[in-house]
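Taking it in order: structure first as structure tokens, then the write-up.
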Amino acid sequence: MSDDLLRQIKLQGAVPAHVAVIMDGNGRWAQRRNLPRTAGHQAGMASVRRLVESCLEAGVTTVTVFAFSQENWQRPPEEIDALMALLQEYVSTQSAELTEQGVRVRMLGDLTPLSPPARQAVEFVERATAGGTKLALNICISYGSRAEITRAARRLAEDVAAGRITSDEVTEQAIADRLYTAPWGDPDLLIRTSGEFRISNFLLWQLAYAELYVTPTLWPDFGRREFFEAVLDYQRRDRRFGRVTTA
Ligand code: IPE
Ligand code: IPE
Ligand code: MG
365 MSDDLLRQIK LQGAVPAHVA VIMDGNGRWA QRRNLPRTAG HQAGMASVRR
415 LVESCLEAGV TTVTVFAFSQ ENWQRPPEEI DALMALLQEY VSTQSAELTE
465 QGVRVRMLGD LTPLSPPARQ AVEFVERATA GGTKLALNIC ISYGSRAEIT
515 RAARRLAEDV AAGRITSDEV TEQAIADRLY TAPWGDPDLL IRTSGEFRIS
565 NFLLWQLAYA ELYVTPTLWP DFGRREFFEA VLDYQRRDRR FGRVTTA
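Shown next as structure tokens:
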């Protein structure tokens, strides 16, 4: 029973405050069922809902999910259209529930290539959930980590050129402050589904000391139990941050 796992999590103590998730494997999930890839994306949306509930139950306070990468723009237009339609469906069907749950939604990434209705959906959900304090749900869309870091570097260059800061003030903190993720701490745990052992240009800076958890489960099959298993695995890790262990 996954309730047992939740009980174990609570007994263990420290829950990861910030969990990042690479939600991968929708296409393969559909393929195995002889369904179009878009059916996998649709099923994946239900997993996002379960993830939010599980985070609230476990006491995770920030969850950052990778929904659409900058590189995903290279996919067939039909698939991109379906994903953008799903984004709008997610917002229209989930906004009320998210607000009620105390979830604050932010969309991180370069939103300029999004269609006007998709951008309106983004603005709507961010505004509707602005009062949420229990869980921050960051959805990375049209997101690439190198682009994010490049943008931060450009901003710093502009600040130095304009005399707002000196080059000595280009610190790690100054860079972090200019990333999309500035309001939140770095992820403690990164989960990647579908068994791929790679980062795929996700949060390169922010994951410096995250604990990595890769599961073969495909994203549409990832539920409450799988999430709690990942958290329990995290709780067994010895995080040293380069120091000598004290245990
Ligand atoms: C993840 O599933 C969702 C997105 C990247 C949009 P995929 O669509 O990558 O599914 P696979 O990896 O091909 O199975
Ligand atoms: C990473 O998955 C991006 C998202 C989950 C949104 P991909 O399926 O795009 O990554 P690769 O191509 O396997 O590296
Ligand atoms: Mg994939």
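Numbering of the sequence shown is given in my numbering, commencing with residue 365 and proceeding in unit increments. All C-beta atoms, glycine included, are put in the ideal place defined by N, C-alpha and C.
**Request:** Go through its chain and collect everything with a Cβ distance to Asp523's Cβ below 6 Å, but skip five positions before and after it.
**Result:** Here residue 523 refers to the residue found at position 159 when the sequence shown is read from its first residue. Ile529, listed in sequence order.
**Request:** Tell me, please, whether the CB atom of Phe591 is closer than 8 Å to any CB atom in chain C?
**Result:** Absent here is chain C; the protein component of the structure consists of one chain.
**Item:** Own chain partners of Gly408 with C-beta closer than 7 Å, once the 5 adjacent residues on each side are dropped
**Value:** The sequence position of residue 408 within the sequence shown is 44, counting from 1. Within the same chain, Gly408 has close Cβ partners Met387, Asn390, Trp583, Pro584.
**Asked** Do the stretch 441-455 and the stretch 561-576 touch if we need at least three Cβ pairs shorter than 8 Å?
**Response** no
**Item:** Counterpart residues of Thr426 in DSSP-defined beta bridges
**Value:** Numbered from its first residue, the sequence shown carries residue 426 at position 62. His382, Ala500.
**Message:** Assuming contact is defined by CB atoms lying nearer than 8 Å, are Ser509 and Gly473 in contact in what I supplied?
**Reply:** For the purposes of this step, residue 509 is identified with residue 145 of the sequence shown, where counting begins at 1. For the purposes of this step, residue 473 is identified with residue 109 of the sequence shown, where counting begins at 1. Contact flag unset, no.
**Prompt:** Going along the chain, which residues put their C-beta within less than 7 Å of some heavy atom in ligand 1?
**Reply:** Met387, Asp388, Gly389, Asn390, Gly391, Arg392, Trp393, Arg401, Gly404, His405, Gly408, Ala431, Phe432, Ser433, Asn436, Leu447, Ser558, Leu582, Trp583
**Asked** Roughly how many whole angstroms lie between the Cα atoms of Gly377 and Arg371?
**Response** For the purposes of this step, residue 377 is taken as residue 13 along the sequence shown, with counting starting at 1. For the purposes of this step, residue 371 is taken as residue 7 along the sequence shown, with counting starting at 1. If I take the Cα positions, the gap works out to 10 Å.
**For Ile444, three-class secondary structure by DSSP** = Residue 444 sits at position 80 when you count from the first residue of the sequence shown. Helix at Ile444.
**Request:** With hydrogens ignored, establish whether the beta-carbon of Glu560 is closer than 7 Å to any heavy atom of ligand 2.
**Result:** By one-based count along the sequence shown, residue 560 stands at place 196. Yes, since a heavy atom of ligand 2 falls inside the 7 Å radius drawn around the Cβ of Glu560.
**Asked** With distances taken from CA atoms, which of Ala521, Ser564, Pro547 is nearest Glu533?
**Response** To locate residue 533, count along the sequence shown from 1; it is residue 169. Ranking Ala521, Ser564, Pro547 by Cα distance to Glu533 puts Ala521 first.
**Message:** Closest to Glu453 by C-alpha separation, out of Gly466, His405, Arg470, Gly423, would be which residue?
**Reply:** Residue 453 sits at position 89 when you count from the first residue of the sequence shown. Ranking the options by Cα distance to Glu453, first place goes to His405.
**Request:** Would you mind working out which of Ser558, Arg601, Thr581, Gly587 sits nearest Ser418, comparing C-alpha positions?
**Result:** Start at 1 with the first residue of the sequence shown, and residue 418 comes out as number 54. Nearest option by C-alpha distance: Gly587.
**Asked** For Pro440, is the classification buried or exposed, using 16 other Cβ atoms within 10 angstroms of its Cβ as the cut-off for buried?
**Response** The count along the sequence shown starts at 1 and reaches residue 440 at position 76. The residue is exposed, with fewer than 16 neighbouring Cβ atoms inside 10 Å.
**Request:** Return the CA-CA distance between Lys498 and Thr428, expressed in angstroms with no decimal places.
**Result:** Within the sequence shown, the letter at position 134 stands for residue 498. Within the sequence shown, the letter at position 64 stands for residue 428. Approximately 14 Å, taken between the alpha carbons.
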